[in-house]
Ligand code: NDP
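In UniProt numbering, the protein residues as written are 7 to 302.
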């Protein structure tokens, strides 16, 4: 089909951030305080530093409190968990995010489990995964929740649609599948052991690719009129004379455009949604903690 649409995640995320910015003063009127997000960065990983800086900037731009905690790479497990516990107790903190990956021998799972589930704005605590699976009030990982928002904006009611999620990580694939199931999709989870992935994908009205392999999903795998969410962020080898390679997703976008109804570009699709949903999760956590109705 010609006329396939590129889904503008950047614009959608900007609108979401604006709605949050407007909700913050209302929260302040009702509670006398400002929602706060604490971000913990251990070590000097360059990508993590960039992520933490952009989270800080977005939090401040939304009118929320941003608390940054930068710890040296040789921080011990005990010190890190002690910091997380102090943030759990701190009433000015509504959301806690520990930037992953952690350096050295630090035990990521133990650190995430130390976060109060009601402040776990990344949605990575098993309690939140369990609540999501059971259809209870949860904090949901930002990237899949942002992907779902884009899908609902495109398709409205998702009920009865066939959805294929490629990738089954705790961060993206699994919660994505749970969210689609909760929307009454018929959900298939595909992964590295899936047999005949092209044919599995061909049955899908909705495809979410969260693999981390450049352009693994080809255009002719896609059903006519499918809506495709490309979560992958992969950097290609630089072309001659260039310093850095291009960023591409897990889907061969230009091929896909010949088949699909709509697809998220990389960059500018899902990526910008992730931070916007982090702000949303912080406001949601703050509202629940204050016993207020949830923001829309
Ligand atoms: P993981 O590496 O944790 O998971 C990748 C998944 O893909 C695994 O379940 C793996 O299967 C599956 N897989 C690997 N190879 C194949 C294959 N050949 N065929 C089918 N499935 C395969 O990655 P994440 O989920 O953390 O991230 C996925 C991608 O999304 C990455 O590119 C990442 O950079 C990007 N990302 C983007 C975000 C954003 O803000 N836009 C946020 C988070 C991630 P198995 O389980 O069998 O090993």
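Glycine included, C-beta positions come from ideal geometry on N, C-alpha and C.
For the pair residue 51 and residue 83, the CB atoms are not nearer than the 9 Å cut-off. In the three-state DSSP reduction, residue 286 falls in the helix class (H, G or I).
Residue 177 has its Cβ nearer than 8 Å to a heavy atom of the ligand NDP. Looking at the DSSP output, residue 43 sits in a beta bridge with 72 and 101.
Short note on residue 203: C-beta closer than 8 Å to some heavy atom of the ligand NDP.
Closer than 8 Å to some heavy atom of the ligand NDP: that does not describe the Cβ of residue 287. Within the same chain, Cβ atoms closer than 6 Å to the Cβ of residue 151 are found at 283, the five residues on either side in sequence being excluded. Less than 9 Å separates the beta-carbon of residue 207 from that of residue 223. Ranked by Cα distance from residue 79, the options 60, 92, 55 and 70 are led by 55. Proximity of the segment 104–113 to the segment 143–162 falls short of the contact definition, fewer than three beta-carbon pairs being nearer than 8 Å.
Within the same chain, and ignoring the five residues on either side of residue 210 in sequence, the residues whose Cβ sits closer than 7 Å to its Cβ are 168, 169, 170, 229 and 232. Relative to the ligand NDP, the nearest heavy atom lies less than 8 Å away from the CB of residue 199.
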